[in-house]
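K.L.:
Let me give you the structure first, and then I'll get to my questions.
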Amino acid sequence: MAVAQRKGGAGKSTVAANLAVALAEAGARVALADTDPQATLTRWHGLRPGGASPMAFESGAGWRVPQAVARLGKEADFLILDTPPHADTDSRLAMRAADLVLIPLQPSMPDVWAMEATLEVAASERKAVALMLNRVPAQGRAAQEVAAALAERKLPLLPAPFGNRTAFAAAFAEGLGVVESAPRGQAATEARALAEAIRREAA
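For the sequence shown, UniProt numbering gives the first residue as 1, with consecutive numbering after it.
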């Protein structure tokens with residue numbers, strides 16, 4: 001699965017990391033590949049403490065992506081690819097190697113507009129897509145308005161948003177997922193809900 005969104009700042013790496021850890025907590029064999037030259041997920045993985053859920057990991061962009069997918073996919077139930085926001089070729093290669101494209105977007109119309117390019121690439125590669133809202137504020141109608149706009153277009157929005165919670169950033173800074181750093185918190189509940197939604201998509 002490729003986590004992709006043309007707009008920078010959508011939280012792809014945070015979503016990828018927390019989804020991976022939540023899937024591992026549920027008993028799945030999980031592998032991660034960082035195809036973004038910014039290497040945010042690589043830095044996160046390098047911070048993971050010894051007792052954290054083990055998962056195979058590789059980094060590399062461009063022509064290395066298909067090779068990494070072939071290697072990691074042999075041993076994993078879920079392989080999650082973090083993709084660059086603006087490098088069209090690298091993003092396309094990652095999406096081409098995936099069976100599902102997960103598109104995180106913040107509840108704002110600029111994120112919806114920026115998503116168009118990602119949808120176009122996924123369609124051209126004939127890949128299934130799923131959308132999820134990220135950094136949803138506790139108050140306001142923005143999330144409902146964006147969800148309504150997506151429903152109007154019949155785009156598949158997962159019923160598993162991430163709230164705008166400091167727990168996600170705090171866990172990421174320690175190389176952890178929220179189900180590891182604060183397993184009883186609301187952020188952990190949201191991460192587990194996303195993992196369950198992805199498991200249903202893959203079934």
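Just so it is clear, CB atoms sit at the ideal spot from N, CA and C, and this is done for glycine as well. Here the structure is a predicted model, which is why all the values come from computation and not from measurement.
(1) Put Ala-76 into one of helix, strand or coil per three-state DSSP.
(2) Nearest CA to the CA of Gly-60: which residue from Pro-54, Pro-84, Phe-168?
(3) On the DSSP letters alone, give me the boundaries of the beta strand (DSSP E) that Met-132 sits inside.
(4) At what residue ranges does the region 90 to 153 contain a whole run of the beta strand (DSSP E), taking only runs of 3 or more?
(5) When you compare the region 183 to 199 with the region 152 to 164, are there three or more beta-carbon pairs, one atom per stretch, that lie closer than 8 Å?
(6) So what's Ser-59 in DSSP terms, helix, strand or just coil?
(7) Between Gln-144, Leu-72, Met-55, which lies nearest to Gln-106 when the distance is taken from Cα to Cα?
(8) Check whether the Cβ atoms of Thr-14 and Phe-172 sit closer than 8 Å, and answer yes or no.
(9) For Glu-58 and Leu-72, which I take to be in contact (beta-carbon distance under 8 Å), what is that distance rounded to the nearest angstrom?
(10) For a minimum of 4 consecutive residues, which ranges assigned as the alpha helix (DSSP H) are wholly contained in the region 24 to 51?
(11) Look at the alpha carbon of Leu-133 and the alpha carbon of Val-3, and state the distance between them as a whole number of angstroms.
(12) Assuming Lys-7 and Asp-111 form a contact by the criterion Cβ under 8 Å, report the distance between their Cβ atoms to the nearest whole angstrom.
(13) Taking the beta carbon of Gln-5 as the centre, do at least 16 other beta carbons fall within 10 Å, making it buried, or is it exposed?
P.N.:
Quick look at the numbers:
(1) Ala-76 falls in the coil class under three-state DSSP.
(2) Pro-84
(3) 128 to 133
(4) 100 to 105, 128 to 133
(5) yes
(6) Assignment of Ser-59 by DSSP, reduced to helix, strand and coil, places it in the strand class.
(7) Gln-144
(8) yes
(9) Correct: roughly 6 Å between the Cβ atoms.
(10) 40 to 46
(11) 13 Å
(12) 6 Å
(13) buried
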